[in-house]
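If you read the sequence shown in the UniProt record's numbering, its first letter stands for residue 1, the second for the next number, and so on. Okay, so here's the structure we're looking at.
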Amino acid sequence: MTMFHRQRWLSSLIMFLLSSFMLKSDGSNRIVGDSSGWELYTNYTNWTQGREFHVGDVLVLNYNRDQHNVMQVNSTAYVDCGRDNYISLFNKGNDSIVISEVGEHWFICAVDGHCENGQKLLIKILVACCYSTKGTLINS
Ligand SMILES: [Cu+2]
1 MTMFHRQRWL SSLIMFLLSS FMLKSDGSNR IVGDSSGWEL YTNYTNWTQG REFHVGDVLV
61 LNYNRDQHNV MQVNSTAYVD CGRDNYISLF NKGNDSIVIS EVGEHWFICA VDGHCENGQK
121 LLIKILVACC YSTKGTLINS
């Protein structure tokens, strides 16, 4: 291996390490409701206020799976607490949901009366996160 090639190889290794570090650092775990978790009578509108969410963030929902679940729905179902047409249903009790798109994401608990009592979550992502110093999109 010539000196030139060794340097090229080293710099690509460094670039690789840097970019994987940056990818890691932009998706952070967001514990929904903090220590309250995913529960009844928690105001998730208050919880989201003052927090910024980015593409790549992971929503972590902790709850008793015998009592709750997490249903990803559209905006109408979010408002009406409708359960007929849903996007995804999570019911492990410690669900990790990766936010992969810019826009609004709606979640409700589908157990009777729970969404109606405030167990609903709206996550807004306004901008795509994270451009590298060269201006290339790292995470779209
Ligand atoms: Cu519930």
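Where is the CB? At the ideal position from N, CA and C, for every residue including glycine.
Taking 7 angstroms as the threshold (C-beta atoms), are Y63 and G37 in contact? For the purposes of this step, residue 37 is taken as the residue at position 37 of the sequence shown. For the purposes of this step, residue 63 is taken as the residue at position 63 of the sequence shown. In this structure, G37 places its C-beta atom within 7 angstroms of the C-beta atom of Y63.
Helix, strand or coil for H5 per DSSP? Position 5 of the sequence shown, counting from 1, holds the residue named residue 5. Note: H5 maps to helix in three-state DSSP.
Please confirm whether any heavy atom of ligand 1 lies closer than 6 angstroms to the CB of residue 157. Since the first residue shown for the chain is 1 and the last is 140, residue 157 is missing from the structure and cannot be characterised.
Run through the UniProt domain "Phytocyanin" (28-127) for me and flag every whole beta strand (DSSP E) of 3 or more residues, listed as ranges in chain order. 29-31, 58-62, 70-73, 88-90, 94-98, 103-108, 120-125, all fully within the UniProt domain "Phytocyanin" (28-127).
Can you tell me whether N91 is buried or exposed? The criterion is at least 16 other CB atoms within 10 Å of its CB, across all chains shown. The residue labelled residue 91 in the question sits at position 91 within the sequence shown. Classification of N91: exposed, given that the 10 Å Cβ count is below 16.
Tell me, to the nearest whole angstrom, how far the beta carbon of F61 is from that of V32; I am working on the premise that it is less than 8 angstroms. As a position in the sequence shown, residue 61 is number 61, starting the count at 1. As a position in the sequence shown, residue 32 is number 32, starting the count at 1. Before going further, note that residue 61 is Leu rather than Phe in the sequence given. Confirmed, about 5 angstroms.
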